[in-house]
Structures are given as structure tokens and as C-alpha cells.
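Residue numbering for the sequence shown follows our numbering, starting at 1 and increasing by one per position. Even glycine gets a Cβ: it sits at the ideal position worked out from N, Cα and C. Predicted model, so just to flag it, every value in this text is computed and none were measured. Only one structure is covered here, and it is reproduced in the block below.
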Amino acid sequence: MIEIWGKTQCPYCDMAKRLCETNGYDFIYKQLGEDFQREDVLEQFPGARTFPQIIVNNENIGGYTELEGLHKGGQL
């Protein structure tokens, strides 16, 4: 299962969603201001500075680049 924590007007958030949709991956998209607040990000992802923040199988992997790397490596 993939969780994408994103925000509006974020091209990398959109790219992460598109990668999951295109490849049929099960994912949940959570949006800042609707599904969580900034404080929740700081609690869930200490040290996070960018969006999206992505969790794969209950492990924080980082952002879009890391998700793409797992996809290309056949690890999703």
C-alpha cells in the first residue's frame, strides 16, 4: 500500500499520483488542509522539507524520486 501526503499545486505530488494510477498501484492520496494539517506532517515525517512525503508498506521512503526509483527497480 502506498500513501502519498501532498498539497495542491505540487507537480511532484501530481506525478506521484499519476505514476500510481498509470501502473495500477493501490494508493491513498492525502491532501494538506483537507486530510491533514502541517503539524501532522511534522509529527509523521520529522525533518521533512518538501512534498510529497510517501509511505510504502508502512515505511517512509521520501518523495517522488524515491517512489520512481522503487517503480523502476520493480520493488512496488
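Quiz prompt | Whole-number beta carbon distance between PHE36 and ILE2, since they are thought to touch under 8 Å | solution = Incorrect: roughly 16 Å between the Cβ atoms, too far for contact.
Exercise. Following the continuous beta strand (DSSP E) through GLN37, name the residue where it begins and the one where it ends.
Key: Where GLN37 is concerned, there is no enclosing beta strand (DSSP E), given that its DSSP letter is neither H nor E.
Quiz item: With distances taken from CA atoms, which of PRO46, GLY6, LEU70, LEU67 is nearest LEU32?
Solution: Closest option to LEU32, Cα to Cα, is GLY6.
Quiz item: Relative to the C-alpha of TYR12, which residue among GLY73, GLY74, GLY63 is closest?
Solution: For the set GLY73, GLY74, GLY63, the Cα lying nearest the Cα of TYR12 is the one of GLY63.
Practice problem: Check each candidate in GLN75, GLU21, GLU43 and name the one with the smallest Cα separation from VAL56. | Solution: Closest in alpha carbon position to VAL56, among GLN75, GLU21, GLU43, is GLN75.
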